[in-house]
Structures are given as structure tokens and as C-alpha cells.
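Each remark here refers to the structure printed beneath this line.
Chains as they are written, first to last, in UniProt numbering: chain A, 1 to 192; chain B, 1 to 192.
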């Protein structure tokens, strides 16, 4: 993740002290290590840890429709429909990354974005954190995907988005979460 | 993930054909491989892929309170408060795993659980899928955590759970999602 978790120091219940770290792989996006840890009962155990630079995702809503992009997800051997998202570049703030990914994947240019929630995707084996942003004041431009990125943009109403979840087209944590946030926003007028 | 994704065949937009798979690591919970793929434009790229057996998580609500457990998450070097969850054992159905994890981590015994949603946690680099279940008819018993698992059980009202999110104690995708599902359930009477 980017920077230190501000809540790390005060949340140390059942802390596992690292006895040894074995680096296993350093890749383009993730790296992997195996830690030997000392458990609270004095025994040792292994922990497999994937390191990830952190990511952003953006709920962009215009005329009661939310932008989603369909792209192939190699780990699943299928394509998924997801909200615009991407990993943080080195030295980039989550807010800048959110505006950059939004423009690259949808062509929409946001003057500002609002942080909805930050969450860890798989805390059992990975340190990936996703910062989920909301944007509703945008101007239109051209998509500029990365060189090895192929995606198709669509705009969905809330009911269409919920139908996509039922049909299994939408099936990832950040997009399912965004749809719940959107539904609550429509019901309560509050971004929660 | 467990079994084949039933939606895989119909969602093949921008498919990336595997040219070569390089196995890198096989661990206790995850394994890692690097695939060389052929992109839709004919060029090649690498994809780092983490394989995971799949997981379950359970929203268990009794007397308007939801069970959460605090445990240390080595990848984050901090503890998190999360709903009961765990990985699927070999040959186990998600439903059985949900009832087993619920009993191990909270002591609660459910006669049946209802599937709320299944979602991929990190589709960019991992195939992990989490099946989120709901249970509200349970009987009480004793916690039986795994040998290398140390956790503390609490029961939170919806407002307490939302405060935990604000305070950064709750900060993982499945628990944040569960809290949205619970809030929508209270507002609409429907499990969505």
C-alpha cells in the first residue's frame, strides 16, 4: 500500500512478530514474500504475503447513469464489467490517480473527486488497498487506455447495474460496493 | 476459485490467449504463476496471477447486532475487525464452509445460511472469490478457532459498525460490503 496505514499502531491485538522474511518474487504489479512469524502462543507459523502498490476506483455518475468498463481479467479467464479503476503510480496521490484513471478509461475529466471509502481487498494474503471515489461534475473527452489495456465503456442506470450483478457480468468487490453506495445515496441523499 | 465460473464462457470480450505459464510458487494458501499472453492487438504481455481456493464470509445478526472478530492481518501489520470468514477447504461447498466458519469463529450454529452475493476481491491479479452469506436464526455454542488463529468476538449495532468504519477499525472489502447490505436491509426490508 501507499504510505503507512494511519491506524496500524493502535490496532496491534494478537500481533505476529516477523522472525524471517523470504522474498519469493518481484513482478510488474505485485511481489510475493513468505514470512515466518511468532504467534501469541509462542509457536511459529508461515504467512504468505502479496505486496501491491494500492489502487483507486471511481464511481462517476452523469444523468443518473454510472460509467462501467468491460475488460478481460486473466486470473478469471473471463471479462468483467467494472467501474473505472487502476493501480497507483509511484509517488502519485490516490486523488490524482482517481482523476487520471477516470480520464484514461472513460474520457471524463473531473475537477474534483470525493473519497467514499478506502478498504483492503484481501487482508488475509495481500496488502492491496482500494480508495473508492465519487465524481458527478465532469466534462466529456476521449478515452486514453494504456497500451496493453482493451476496454469497452458503457453507462448504466442503477437498475441496469443491479441486473448486471444478477447476470454475473458485474462480480467484483469494488463495483458491487459502488452499487450499494449508489443505492444508499438514492435512498438517503448521503454518500456513506 | 472453486469450480468453473458459470459466467466465464459468455464473457470473453478482449480474451487474452495464454502463450506460456511459468509456475513461480505453491504455498499453503495461495500459489503464483506468470502467464505470457497474446493481446487482442497481436502483441504479447505478462500477467501475474495469484491462485486462491476461494473464501466465505458470514453476516450473522442476532438482536440487531452483527458478529465481528478482531484478528491480526500480517500483510497489513495491524489487526482488523471483520465479519467471520475463511477459505474453502478442499471439496467443501461454500454453504458448508460458511456454517463451519461461523461456528469456529463465533460459536453460533446456523441451521441454514442465505447467499447474499459472490464477488471477486482483486480480479486484476487474483482469482479469489468470496461468497457472502446471511444468517439470522442461530443457536449459541463455543468458539473453536484454528490452532494458528487468535481472534476476539464482538457484537456491534449498525451504528457501532459504521463508527468502526469511520475509526478505521473495520477496513476490509467484505465487512464494508456487509455493512452496506445491512443498512439497505434495514431501510428496505430486502437482502440485496
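Cβ atoms here follow ideal geometry from the backbone N, Cα and C, with glycine treated the same way. From a predicted model like this one, the values you see are computed outputs, not experimental measurements.
>> What would DSSP say about residue 170(B), mapped onto helix, strand or coil?
In response: coil
Practice task
For chain B, find out if any of its Cβ atoms is closer than 7 Å to the Cβ of residue 121(A); answer yes or no.
Solution key: yes
- Quick one: give me the first and last residue of the alpha helix (DSSP H) that residue 8(A) is part of. Careful: residue 8(A) lies outside any alpha helix (DSSP H) and carries neither H nor E.
- Who are the neighbours of residue 79(A) on chain B, taking C-beta pairs under 8 Å? 11, 12, 13, 14 and 15
Handout entry: Pair within 7 Å by beta-carbon distance, residue 172(B) and residue 80(B)
Key = When the beta-carbon positions are compared, residue 172(B) and residue 80(B) come within less than 7 Å of each other.
* Quick one: is residue 94(B) buried, meaning 16 or more other Cβ sit within 10 Å of its Cβ, or exposed? -> buried
Item to check | Reference residue 144(B); option with closest CA among 103(B), 156(B) and 157(B) | outcome: Among 103(B), 156(B) and 157(B), the Cα nearest to that of residue 144(B) is on 103(B).
Q: Give the residues from the stretch 38-49 of chain A that approach chain B closer than 8 Å (Cβ to any Cβ), ordered along the chain.
A: Answer set for the stretch 38-49 of chain A: 39, 40, 41, 43, 45, 46, 47, 48 and 49.
Reduced DSSP category for residue 82(B) - H, G, I as helix; E, B as strand; rest coil: strand
Note to self: Could you tell me the alpha carbon to alpha carbon distance between residue 191(A) and residue 10(A), rounded to whole angstroms?
What the structure shows: 27 Å
* Would you say residue 83(B) reaches chain A, if we count a Cβ-Cβ gap shorter than 7 Å as a contact? -> Judged by the 7 Å Cβ criterion, residue 83(B) is not in contact with chain A.
Beta-carbon within less than 8 Å of residue 49(A)'s beta-carbon, same chain only, minus the 5 sequence neighbours each way: which residues are those? 32, 33, 34, 35, 125, 126 and 127
### Task
Using a Cβ-Cβ cut-off of 7 Å, state whether residue 61(A) counts as contacting chain B.
Not one chain B Cβ lies under 7 Å of residue 61(A).
Handout entry: Interface partners of residue 70(A) on chain B, CB under 7 Å
Key = Result: 13.
Exercise for the section: Out of 56(B), 152(B), 13(B) and 74(B), point me to the one whose CA is closest to residue 40(B)'s CA. Expected result: 13(B)
Give every residue of the same chain whose Cβ lies closer than 8 Å to the Cβ of residue 44(B), excluding the five residues on either side of it in the sequence, and list them in chain order.
19, 36, 37 and 38
Closer than 8 Å, Cβ to Cβ, to anything on chain A: give me those residues from the stretch 27-38 of chain B, in chain order. 27, 28, 29, 30, 32, 34, 35 and 37
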